[in-house]
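Number of protein chains: 2
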Amino acid sequence: MSLIVTGSIGIDSIETPIGNALQVLGGSAIYFAAAASYFAPVRLVAAVGEDFPEEFLKTFRGFKVDLTGLEQRKGSKTFRWHGRYHNNMNDRDTLSVELNVLAEKLPGVPDAYRDSRFVFLANTHPAGQLELLEQFPRRALVVADTMDLWIENEKKTLLELLSKIDGLVLNDSEAHLLTGKTNIVRAAEAIIALGPKFVVIKKGEHGAFLMHRDGMVALPAYTAKDVVDPTGAGDSFAGGMMGHLSTTGDMSLAGVRAAMAYGTIVASYNIEAFSLDRLKTLTRKEIDQRFARYCDMLRIEG
Amino acid sequence: MSLIVTGSIGIDSIETPIGNALQVLGGSAIYFAAAASYFAPVRLVAAVGEDFPEEFLKTFRGFKVDLTGLEQRKGSKTFRWHGRYHNNMNDRDTLSVELNVLAEKLPGVPDAYRDSRFVFLANTHPAGQLELLEQFPRRALVVADTMDLWIENEKKTLLELLSKIDGLVLNDSEAHLLTGKTNIVRAAEAIIALGPKFVVIKKGEHGAFLMHRDGMVALPAYTAKDVVDPTGAGDSFAGGMMGHLSTTGDMSLAGVRAAMAYGTIVASYNIEAFSLDRLKTLTRKEIDQRFARYCDMLRIEG
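So this is what it looks like as structure tokens:
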């Protein structure tokens, strides 16, 4: 079933304790689309500026991502982000951010995309997410991501968005900020009360937590020894999850759990190299092998 | 197979955001023994002072714990600890500590205990742990816990202990302190290089991580909505784990994983009330029911 993602494409500069990667391909929609493309064809709606490097476009074309909805806007500049990770590889500081094309009008949605059934609204201004959401009248499942910036400054619009989506994906610190609850179960309950049928709270190296009408699931991360660049971990997690969900259409607790596990695996590969370097060479067979090991790891024989 | 624990018994005063419990029963050996007693009879070696309340002794007697090795020492005072938890219920400050009887000579080991096969050296001075270890010549499995105090001040003795034990259980912050490694896999590898055949790194609300010669396992915590008092979570986790291990004798990766899962479940009950209040009423049937739900939660159907 057709899967679409809307969100940002960026030129990232990343500093980690291990090394730096300057002016590389990034952005929420990019990580999501690349990750989801292992499961299903992905449609992309996003805008870049005329400074967007041709080689980045070439990288996209290596994935099963439909780029009809990628707008290269004349006279505009691409979104840029520069961040530095702490020694723990979990926390990071934003050194600079240039919204550029993200601060302009939204990219257009091609007519051919209007029948999309599975919609992922990657992190951006909730007003933009609301506007894009309305362009998919045949939507069967809408999941959104958000961030502290919008929780703090655009809460009213964000609450309107929450009343219209099926699932929300966000970090534990964001769940706390949104609800005022430190306990993860209570935070998730408070989010469900705002509208979504399910919420996935991402905990970085500690895994992810699902609250669903049929129950709760806590899954660990796939333990990684060599974390090179955590950028895009959350977006590639969401991409793997939604990619799998869009092929099964199974929104039961077991269905979403399996999708989360696939997201966990794709994210575990993504952080092994800077930017999309690992996803560029990743194969579906590698995903399935690590997925099988992950499921085995969690099979407890009492 | 006979299980023995050596460690502290204390009079705790606990402050949490939810409420306080003053001068209640606590100590590493107490939480361990109570938790393990659901799986196997437990032998206890520990000392208290003459101020130790008779009602606390009564509480012990409700568990399947052999108290022959509990020494009530005349002229001595019981170990006391006063702590306050932060709002996140994970971090805590020690407001005061009186070592009292813990700073005196070790309690004696009854002759009837010398054939013990499974030995848990709960957290105390590593010199004491080493001395106690030697008193069990028929030991088949020795697991120890430790803490930041000994890592910082008694590292040489601690390293000698590590060369003589089979398993180490410690917190993630302690694993980092001991090895200088932030990555959990690298920290665990560094600990294995010091001697133990396996190491379990406890991550509080984020679960636990096992490194074993046959592989690695990350397990989430059993998600709790109502955390009343986290005191003893790590000790009751270790108690459930060692209790189960002592009944199966299965030290394979799968065997230790199942034991960790039982530890996870007992700890999840322990934190539902202050002191041993929840364990006092807990039944083996409740443990098995939650264990089954936990295993189901982690069974992913791809």
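Chains A and B supply the protein sequences, listed in that same order.
Just so you know, the first sequence maps onto residues 1 to 302 in the working numbering.
Just so you know, the second sequence maps onto residues 1 to 302 in the working numbering.
Virtual Cβ for every residue (Gly too), placed ideally from N, Cα, C.
For residue i, three-class secondary structure by DSSP
{"i": "A/T6", "result": "strand"}
{"i": "B/D145", "result": "strand"}
{"i": "A/M216", "result": "strand"}
{"i": "A/Y222", "result": "coil"}
{"i": "B/A193", "result": "coil"}
{"i": "A/F32", "result": "helix"}
{"i": "A/V227", "result": "coil"}
{"i": "A/A258", "result": "helix"}
{"i": "B/G167", "result": "strand"}
{"i": "B/R43", "result": "strand"}
{"i": "B/F52", "result": "coil"}
{"i": "B/L239", "result": "Residue 239 of chain B is actually Gly in this sequence, not Leu. It is helical."}
{"i": "A/N20", "result": "strand"}
{"i": "B/Q135", "result": "coil"}
Separation of residue j from residue i, as counted between CA atoms
{"i": "A/L132", "j": "A/G249", "result": "22 Å"}
{"i": "A/G232", "j": "A/D148", "result": "16 Å"}
{"i": "B/P196", "j": "B/W81", "result": "30 Å"}
{"i": "B/A221", "j": "B/R299", "result": "15 Å"}
{"i": "B/I165", "j": "B/L67", "result": "25 Å"}
{"i": "A/T94", "j": "A/K155", "result": "22 Å"}
{"i": "A/F209", "j": "B/F136", "result": "43 Å"}
{"i": "B/Y262", "j": "B/C295", "result": "10 Å"}
{"i": "B/D214", "j": "A/L70", "result": "47 Å"}
{"i": "A/T16", "j": "B/F118", "result": "44 Å"}
{"i": "B/T124", "j": "B/I30", "result": "13 Å"}
{"i": "B/V45", "j": "B/G26", "result": "15 Å"}
{"i": "B/F63", "j": "B/A259", "result": "20 Å"}
{"i": "B/L102", "j": "B/V169", "result": "21 Å"}
{"i": "A/A140", "j": "A/T6", "result": "16 Å"}
{"i": "B/E205", "j": "B/R92", "result": "14 Å"}
{"i": "A/K203", "j": "A/R186", "result": "15 Å"}
{"i": "A/A273", "j": "A/D229", "result": "6 Å"}
{"i": "B/L219", "j": "B/P126", "result": "28 Å"}
{"i": "B/I287", "j": "A/G302", "result": "12 Å"}
Local Cβ density within 10 Å of residue i, reported as buried at 16 or more and exposed below that
{"i": "A/T146", "result": "buried"}
{"i": "B/T281", "result": "exposed"}
{"i": "B/S76", "result": "buried"}
{"i": "B/E174", "result": "buried"}
{"i": "B/T264", "result": "buried"}
{"i": "A/S8", "result": "buried"}
{"i": "A/T283", "result": "exposed"}
{"i": "B/A112", "result": "exposed"}
{"i": "A/S28", "result": "buried"}
{"i": "B/R278", "result": "buried"}
{"i": "A/I18", "result": "exposed"}
{"i": "A/S37", "result": "buried"}
{"i": "B/G108", "result": "exposed"}
{"i": "B/A292", "result": "exposed"}
{"i": "A/S116", "result": "buried"}
{"i": "B/H86", "result": "exposed"}
{"i": "A/Q289", "result": "exposed"}
{"i": "B/I226", "result": "Reading off the sequence, residue 226 of chain B comes out as Asp, not Ile. With fewer than 16 Cβ atoms within 10 Å of its Cβ, B/D226 is classed as exposed."}
Where residue i meets chain A, residues with beta-carbon distance less than 7 Å
{"i": "B/G302", "result": "A258, F291 and C295"}
{"i": "B/M241", "result": "Neighbours of B/M241 on chain A: none; closest Cβ ~13 Å, over 7 Å."}
{"i": "B/V254", "result": "Contrary to the premise, residue 254 of chain B reads as Ala rather than Val in this sequence. The contacting residues are E301."}
Contact set between residue i and chain A, taken where Cβ atoms lie within less than 9 Å
{"i": "B/F209", "result": "P220 and T223"}
{"i": "B/V227", "result": "N183"}
Supposed contact pair residue j and residue i - C-beta distance, whole angstroms, cut 8 Å
{"i": "A/D235", "j": "A/F32", "result": "5 Å"}
{"i": "A/A190", "j": "A/K181", "result": "6 Å"}
{"i": "B/F79", "j": "B/L57", "result": "15 Å between Cβ atoms; not a contact."}
{"i": "B/H212", "j": "B/V256", "result": "6 Å"}
{"i": "B/V266", "j": "B/A35", "result": "4 Å"}
{"i": "A/M216", "j": "B/T223", "result": "6 Å"}
{"i": "A/L3", "j": "A/V42", "result": "5 Å"}
Interface partners of residue i on chain B, CB under 8 Å
{"i": "A/I184", "result": "E205 and T223"}
{"i": "A/A35", "result": "The contacting residues do not exist; A/A35 stays about 17 Å from chain B at best."}
Beta-carbon neighbours of residue i, restricted to chain A and to distances below 8 Å
{"i": "B/N87", "result": "T182"}
Residues that residue i contacts on chain B, provided the C-beta gap is smaller than 7 Å
{"i": "A/M216", "result": "T223"}
{"i": "A/L298", "result": "L298 and I300"}
{"i": "A/A261", "result": "I300"}
Cβ-heavy atom distance, residue i to the ligand HEM, below 8 Å
{"i": "B/F56", "result": "Summarising the ligand content, the structure contains no ligands, and the ligand HEM is consequently not present."}
Cβ of residue i within 9 Å of any chain C Cβ
{"i": "B/D115", "result": "No chain C appears in the structure shown, which is made up of the protein chains A and B."}
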